[in-house]
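Colleague: When we follow this note's numbering, the leftmost residue of the sequence shown carries the number 30, and every step to the right adds one.
Each residue gets a CB set at the ideal place from its N, CA and C atoms; glycine is no exception.
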Amino acid sequence: MRKTNLLAFAALGTVLTMGLAACGGTAGGGGNASPGGQSTGGAASTAKHNDAYTKVVNASDAKGGTLKFALSDEPDSMDPGNTYYAWNWNFSRLYSRPLMTYTALPGEAGLKLVPDVAEAPGEVSADGKTWTYKLKKGIKYDDGTEVKAADIKYAVARSNFTDELTDGPKYFAQYLDAGDYKGPYKDKNLDDFKGVETPDDYTVVFKLKAPFSEFDFLVANPQTAPVPQAKDTGVDYEKAVASTGPYKFESHEVGKQLNLVRNTNWDPATDTTRKQLPDRIEVQFKQNAEDIDNRLIAGQIQVDLAGTGLQSAGRAKVVQDAKLKDSTDNPFTPFNRYAMMSTQVKPFDNIECRKAVQYATDKVATQAPWGGPLGGEIGTTAMTPTTVGYKQFDLYPNGADHKGDLAKAKEALTACGQPNGFAANIAVRGDRTKEVQVAEAMQASLDRVGIKLTIKKYPSGDWSAQYAGKPDFVHKNNLGIMIAGWGADWPSGFGFLSQIVDGRAIKASGNYNMMELNDKSIDDLLDKGIQTADAAARNEIWAQVDQKVMESAAFLPFVYEKTLIFRPSTLTNVYVHPAWGMYDYTWLGVKQ
């Protein structure tokens with residue numbers, strides 16, 4: 030998530046307060062720590078359910094120990110310029126610093142942008158097409174060399190203009206006025222990259238094709254974290270990222286284990302949002318999801334890195350035990366959990382076949398794997414209620430009980446020429462237990478009208494690069510339905526919608542517009558909205574985009590997600606950061 034000076038914040042405040050109130054919390058919290066991070070007491074034994082949603086739980090400035098994370102699969106990449114998982118945008122801040130970032134506070138206040146590597150928010154030209162950032166002096170990499178403007182320029186060039194780095198978003202490639210620049214792996218002369226200029230070592234100037242009213246939000250994504258050109262090893266850069274954050278890589282066995290240790294060249298005087306409490310941070314990949322829950326509850330690890338909450342068995346265990354439940358938080362996240370139907374895979378190239386799925390799906394059953402009401406509210410739109418621009422509507426009402434309108438589904442099947450139903454494949458990330466259970470729920474509910482689903486399981490680490498996000502693979506394997514989830518890249522309708530509905534965002538690999546929706550009217554509205562300076566008018570446009578997406582019937586929302594996340598008593602400085610809907614990984618400490 031990111032922002033455009035102060036225009037968006039009045040609207041942001043209203044929407045986020047509504048989201049927090051719905052969870053039983055209050056926006057802006059203060060909690061047990063001051064904005065500057067100084068502890069004022071508090072203990073885990075007195076913390077209650079949902080406390081970390083509105084305040085800092087178990088505040089402490091004590092240093093030392095090992096903070097342990099676990100993940101059920103492997104990441105797309107630990108390279109800040111080549112990742113698109115929300116948890117990784119959160120976690121990568123431990124070792125990388127973009128131009129802008131978010132305030133370290135729970136509640137609405139945490140969505141305010143503050144400078145990180147930059148000295149101040151961007152200065153925008155009168156025509157809205159040039160954004161200039163001055164860098165703080167004295168920020169160093171872990172080897173002691175100083176960060177320079179050219180390193181920011183190079184980071185954007187490599188992440189957005191190369192064929193090799195496929196997993197992150199390509200906003201800069203889409204909006205920078207860079208001509209036919211082919212990226213630094215094909216053209217090593219950085220002067221040929223005209224989309225970003227560096228008139229001196231501490232000034233970065235972005236040249237845009239058209240105004241982009243939320244550009245400060247965009248530069249808060251990890252792709253503006255500096256990368257020294259001499260140390261870039263392409264896809265292997267994730268093995269040893271040059272650190273500007275409080276921690277640096279000690280070792281990284283890709284797909285198995287990552288160990289971080291203190292970066293002695295990190296200067297807290299230049300960094301208002303991070304702490305450096307543990308001596309080391311250890312991450313284990315490819316761990317069984319249910320086993321992660323058991324180890325969390327037993328205190329053997331401190332954090333489930335994915336931040337998606339307890340699985341069914343773990344959730345049942347803690348909600349039945351008052352003491353364990355007091356160690357949980359149930360926040361709304363920025364995520365919608367949904368299915369996408371590919372408009373390029375038969376019979377889903379027919380809108381009536383897509384409508385049949387919309388009407389036949391039992392949304393109570395697809396809500397259940399997320400934990401019923403604990404896991405989120407049943408969804409009817411693409412945007413979530415915590416996204417600026419959201420408006421409530423339901424184009425495909427599936428019964429008063431949300432268990433499906435079978436009569437409407439059968440009408441749609443007849444209209445699409447498949448009165449007796451059809452067979453189709455549904456793709457899921459096999460290590461995501463909840464997603465598998467959602468697919469099974471869809472399989473059962475669609476079977477009632479003759480739609481026979483076969484579940485196809487793929488690993489989440491390569492989900493977008495090799496499987497559901499690779500159109501050729503989708504077409505060859507007839508993946509008609511894909512279970513997915515999405516959180517806003519920044520908290521506005523554009524930050525939520527653009528990468529999953531814009532036809533120009535469809536990529537040969539690392540694609541998140543899995544519907545392959547290519548509607549010029551939607552693309553034009555996105556362009557109109559992002560060039561609109563007035564926040565209220567801009568938000569109206571995002572609602573129009575949402576309406577058009579849902580009219581396609583290719584997007585099937587399940588739940589506006591809430592998670593039940595567990596915080597062991599050994600974890601200190603715990604609060605839910607609203608930008609990611611999970612704990613702020615840069616603040617965490619561990620009791621000795």
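1. According to DSSP, Gln-286 sits in a beta bridge with which residue or residues?
2. Can you look up Ala-56 in the DSSP assignment and give me helix, strand or coil?
3. Assuming Trp-571 is part of the beta strand (DSSP E), what are its boundary residues?
4. Using the C-alpha atoms, what's the distance from Tyr-266 back to Phe-201?
5. Identify, in the order they occur along the chain, each residue of the same chain with its Cβ nearer than 6 Å to the Cβ of Gln-396, setting aside the five sequence neighbours on each side.
6. Taking only three categories from DSSP, how would you classify Asp-358?
7. At a cut of 8 Å, does the region 374 to 388 reach the region 430 to 450 through at least three beta carbon pairs?
8. Along the alpha helix (DSSP H) that carries Ile-168, what are the first and last residues, could you check?
9. For Gln-252, count neighbouring Cβ atoms within 10 angstroms of its own Cβ and tell me buried if that reaches 16, exposed if not.
10. Using only the alpha-carbon positions, how far apart do Trp-116 and Ser-154 sit?
11. Helix, strand or coil for Thr-159? Go by DSSP, reduced to three states.
12. At which residues does the beta strand (DSSP E) containing Gly-516 begin and terminate?
13. Quick check on Pro-363: does DSSP put it in helix, strand or coil?
14. Let me confirm a value: Gln-528 is counted as buried when at least 16 other C-beta atoms fall within 10 Å, else exposed. Which label applies?
15. By how many angstroms is the C-alpha of Ser-550 removed from the C-alpha of Pro-240?
16. Roughly how many angstroms lie between the CA atoms of Asp-229 and Lys-591, to the nearest whole one?
17. In the DSSP assignment, the alpha helix (DSSP H) including Ile-181 goes from what residue to what residue?
18. Would you tell me roughly how many angstroms separate the C-alpha atoms of Pro-448 and Leu-585, rounded to the nearest one?
19. Just tell me which of Val-234, Ala-138, Glu-152 has its CA closest to the CA of Tyr-82.
20. Mind checking Ser-489: buried by the 16 CB within 10 Å criterion, or exposed?
21. Closest to Gly-157 by CA distance: which of Gln-313, Leu-134, Asp-206 is it?
22. Considering only their Cβ atoms, is the gap separating Leu-555 from Asp-518 smaller than 7 Å?
23. In its own chain, which residues sit with a C-beta less than 6 Å from the C-beta of Asn-111, not counting the 5 before and 5 after it?
24. Would the beta-carbon of Leu-96 fall within 7 Å of that of Ile-310?
25. Any idea what DSSP makes of Val-234, helix, strand or coil?
26. On the DSSP letters alone, give me the boundaries of the beta strand (DSSP E) that Met-129 sits inside.
27. Counting pairs of beta carbons, one from the region 564 to 580 and one from the region 404 to 424, are three or more of them closer than 8 Å?
28. Output the distance between the C-alpha atoms of Phe-361 and Gly-401, rounded to the nearest integer angstrom.
29. Return the CA-CA distance between Lys-182 and Pro-363, expressed in angstroms with no decimal places.
30. Can you give me the start and stop residues for the alpha helix (DSSP H) that Ile-326 sits inside?
31. Taking the CB atoms as reference points, tell me whether Asp-171 and Ser-272 lie closer together than 7 Å.
32. Give me, in chain order, the residues of the same chain whose beta-carbon lies closer than 8 Å to that of Gly-581; leave out the 5 immediate sequence neighbours on both sides.
33. Keeping to the same chain, check which residues put their C-beta closer than 7 Å to that of Trp-399; ignore five residues upstream and five downstream.
34. Under a three-way DSSP split, which group does Glu-226 fall into?
35. If Val-146 and Thr-132 are in contact, beta carbons under 8 Å, what's the gap, nearest whole angstrom?
36. Anyone know if the C-beta pair for Asn-87 and Asn-359 falls short of 7 Å?
Modeller: Checking against the coordinates, here is how it stands:
1. For the purposes of this step, residue 286 is taken as the residue at position 257 of the sequence shown. Glu-282, Gln-313, per the DSSP bridge assignment.
2. Taking the sequence shown and counting its residues from 1, the one referred to as residue 56 is at position 27. With a pLDDT of only 27 at Ala-56, under the threshold of 50, the placement of this residue in the model should not be trusted, and no figure is reported.
3. Reading the sequence shown from its first residue, position 542 is the one you call residue 571. That residue, Trp-571, is in no beta strand (DSSP E); its alpha helix (DSSP H) goes 564 to 580.
4. As a first step, residue 201 must be located in the sequence shown, where it is residue number 172. As a first step, residue 266 must be located in the sequence shown, where it is residue number 237. Using only the alpha carbons, I get a separation of about 20 Å.
5. By 1-based counting over the sequence shown, the position of residue 396 is 367. Around Gln-396: Ile-407, Val-588.
6. Position 329 of the sequence shown holds residue 358. Per DSSP, reduced to three states, the secondary structure at Asp-358 is strand.
7. The region 374 to 388 vs the region 430 to 450: in contact.
8. Locating residue 168 in the sequence shown gives position 139, where the first residue counts as 1. First-last for Ile-168: undefined, no H or E at that position.
9. Numbered from its first residue, the sequence shown carries residue 252 at position 223. Under this definition Gln-252 is a buried residue.
10. Looking up residue 116 in the sequence shown gives position 87. Looking up residue 154 in the sequence shown gives position 125. Computed Cα separation, rounded: 34 Å.
11. What you label residue 159 is simply residue 130 of the sequence shown in a count that begins at 1. Thr-159 falls in the strand class under three-state DSSP.
12. Stepping through the sequence shown from its first residue, residue 516 is reached at position 487. Bounds of the beta strand (DSSP E) holding Gly-516 are 508 to 516.
13. The count along the sequence shown starts at 1 and reaches residue 363 at position 334. In the structure shown, Pro-363 sits in a strand (DSSP, three-state: E or B).
14. Residue 528 sits at position 499 when you count from the first residue of the sequence shown. When all chains shown are included, Gln-528 counts as buried.
15. In the sequence shown, counting from the first residue as 1, residue 240 sits at position 211. In the sequence shown, counting from the first residue as 1, residue 550 sits at position 521. The alpha-carbon atoms of Pro-240 and Ser-550 are separated by roughly 19 Å.
16. Locating residue 229 in the sequence shown gives position 200, counting from the first residue. Locating residue 591 in the sequence shown gives position 562, counting from the first residue. Each residue's Cα considered, the two are about 46 Å apart.
17. Indexing the sequence shown from 1 puts residue 181 at position 152. Note, Ile-181: alpha helix (DSSP H), 178 to 189.
18. Residue 448 sits at position 419 when you count from the first residue of the sequence shown. Residue 585 sits at position 556 when you count from the first residue of the sequence shown. Approximately 21 Å between the Cα atoms of the pair.
19. In the sequence shown, counting from the first residue as 1, residue 82 sits at position 53. The option with the nearest alpha carbon to Tyr-82 is Ala-138.
20. Reading the sequence shown from its first residue, position 460 is the one you call residue 489. By the C-beta density criterion, Ser-489 is buried, having at least 16 other C-beta atoms within 10 angstroms.
21. On the sequence shown, residue 157 is found 128 positions in, with the first residue counted as 1. Closest by alpha carbon: Asp-206.
22. Mapped onto the sequence shown, residue 518 falls at position 489. Mapped onto the sequence shown, residue 555 falls at position 526. In this structure, Asp-518 sits away from Leu-555, with a CB-CB distance that is not shorter than 7 Å.
23. By one-based count along the sequence shown, residue 111 stands at place 82. Closer than 6 Å at Cβ, skipping near neighbours: Leu-194, Asp-196, Gly-197.
24. Taking the sequence shown and counting its residues from 1, the one referred to as residue 96 is at position 67. Taking the sequence shown and counting its residues from 1, the one referred to as residue 310 is at position 281. Contact flag set, yes.
25. Along the sequence shown, read from residue 1 onward, the residue named residue 234 stands at position 205. In the structure shown, Val-234 sits in a strand (DSSP, three-state: E or B).
26. Working through the sequence shown from its first residue, we reach residue 129 at position 100. Run containing Met-129: 129 to 131, per the beta strand (DSSP E) assignment.
27. The region 564 to 580 vs the region 404 to 424: in contact.
28. Locating residue 361 in the sequence shown gives position 332, counting from the first residue. Locating residue 401 in the sequence shown gives position 372, counting from the first residue. Rounded to whole angstroms, Phe-361 to Gly-401 spans 13 Å at the Cα level.
29. Residue 182 sits at position 153 when you count from the first residue of the sequence shown. Residue 363 sits at position 334 when you count from the first residue of the sequence shown. About 29 Å.
30. Along the sequence shown, read from residue 1 onward, the residue named residue 326 stands at position 297. Counting along the chain, the alpha helix (DSSP H) containing Ile-326 begins and ends at 318 to 327.
31. As a working note, residue 171 is residue 142 in the sequence shown. As a working note, residue 272 is residue 243 in the sequence shown. Taking 7 Å as the cut-off, the beta carbon of Asp-171 is found closer than this to the beta carbon of Ser-272.
32. The residue given as residue 581 occupies position 552 in the sequence shown. Contrary to the premise, residue 581 reads as Ser rather than Gly in this sequence. The residues are Thr-372, Ile-380, Arg-383, Met-544, Leu-546, Asp-548.
33. Mapped onto the sequence shown, residue 399 falls at position 370. Result list for Trp-399: Arg-366, Gly-405, Lys-463, Val-588, Glu-590, in chain order.
34. Numbered from its first residue, the sequence shown carries residue 226 at position 197. DSSP places Glu-226 in strand when its eight states are reduced to three.
35. Within the sequence shown, residue 146 is the residue found at index 117, counting from 1. Within the sequence shown, residue 132 is the residue found at index 103, counting from 1. 16 Å between Cβ atoms; not a contact.
36. Position 58 of the sequence shown, counting from 1, holds the residue named residue 87. Position 330 of the sequence shown, counting from 1, holds the residue named residue 359. No, Cβ-Cβ distance for Asn-87 and Asn-359 is not below 7 Å.
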